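Down below is the structure, laid out as structure tokens.
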């Protein structure tokens with residue numbers, strides 16, 4: 002542990018406060034990502050087997066079977082589907098709002114990961130510019146006794162912040178893309194569930210416009 006602390010201290014001494022900011026940003030991304038994974042696991046994100054069975058049964062006209070299947074579901078969308086069982090097509094917007102309220106809780110924190118993915122390369126570039134300025138100042142102060150190693154050493158230290166910024170930004174972008182893709186899939190499941198329950202097979206042909214409108218509401 003002491004060796005790790007010493008290594009971090011050396012890196013900070015070389016890269017300056019920009020490196021310290023990038024380390025803090027990487028810790029933030031890791032903490033939020035772990036929190037979202039645990040939250041998704043607890044809330045049952047992606048686990049909708051019983052929910053799908055309930056929707057299929059409802060669509061086929063088996064309302065009793067649908068309610069039985071829904072009672073076995075641990076999905077956070079189960080209350081929305083239960084509301085849809087008791088609703089009529091005119092309440093589509095209300096059901097969409099209920100689903101969105103649940104999505105907003107699951108998406109909380111994703112913005113911070115996205116911000117890190119966008120800002121980390123800029124922070125790294127900022128640190129490189131500052132480092133280059135210091136390197137050229139040292140070269141100027143050397144006067145006629147110019148040592149190429151002074152410039153070379155300053156440049157590699159300056160470029161280290163750019164590398165650090167990219168090293169933080171790339172995983173952050175991948176994590177954000179993965180979490181966003183999961184939420185997009187959840188919206189698709191919610192949209193399908195709401196529209197299927199409100200417009201089962203017997204009513205679907207009578208209200209194609211309503212179904213089409215609902216398919217884009219959760220997008």
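Numbering (my numbering), first residue to last: 2 to 220.
C-beta: ideal position from N, C-alpha, C; glycine also.
Small disclaimer: the values here were computed from a predicted structure and weren't measured.
Local Cβ density within 10 Å of residue i, reported as buried at 16 or more and exposed below that
i	result
residue 47	exposed
residue 64	exposed
residue 93	buried
residue 49	buried
residue 28	exposed
residue 39	exposed
residue 70	buried
residue 85	buried
residue 186	exposed
residue 79	buried
residue 215	Bear in mind that the predicted position of residue 215 carries a pLDDT of just 45, short of 50, making it unreliable; the figure below should be weighed with that in mind. By the 10 Å Cβ count, residue 215 comes out buried.
residue 73	exposed
Bounding residues of the alpha helix (DSSP H) (the contiguous stretch that carries residue i)
i	result
residue 96	93 to 108
residue 60	50 to 60
residue 73	Here residue 73 belongs to no alpha helix (DSSP H), and DSSP marks it neither H nor E.
residue 36	18 to 44
residue 79	79 to 87
Contacting residues, own chain, Cβ-Cβ under 8 angstroms from residue i (five flanking each side not counted)
i	result
residue 81	96, 99, 100, 103, 191, 194, 195
residue 167	121, 122, 125
residue 17	128, 131, 132, 162
residue 156	132, 133, 136
residue 119	170
Other residues of its chain near residue i: CB distance less than 7 angstroms, five sequence neighbours each side excluded
i	result
residue 26	117, 121, 169
residue 176	30, 34, 114
residue 37	110, 180
residue 209	Interpretation of residue 209 is limited by its pLDDT of 45, a score under 50 that renders its predicted location unreliable; the figure taken from the coordinates is listed afterwards. For residue 209, where only same-chain residues beyond five positions count, there are no Cβ hits under 7 angstroms.
residue 108	184
residue 58	66, 67, 70
Rounded Cβ spacing between residue i and residue j (contact assumed at less than 8 angstroms)
i	j	result
residue 132	residue 159	3 angstroms
residue 110	residue 75	Actually they are not in contact, since the Cβ atoms of residue 110 and residue 75 sit about 22 angstroms apart, beyond 8 angstroms.
residue 201	residue 60	5 angstroms
residue 23	residue 90	That pair is no contact at about 52 angstroms.
Close Cβ partners of residue i (< 6 angstroms) along its chain, the five nearest in sequence each way excluded
i	result
residue 41	none
residue 197	56, 60
Quiz item: Between the region 176 to 183 and the region 131 to 144, are three or more C-beta pairs nearer than 8 angstroms?
Solution: Inter-segment contact for the region 176 to 183 and the region 131 to 144 is absent: fewer than three beta-carbon pairs are separated by less than 8 angstroms.
Quiz item: Within the chosen definition, does the region 110 to 125 reach the region 52 to 70 through at least 3 CB pairs nearer than 8 angstroms?
Solution: no
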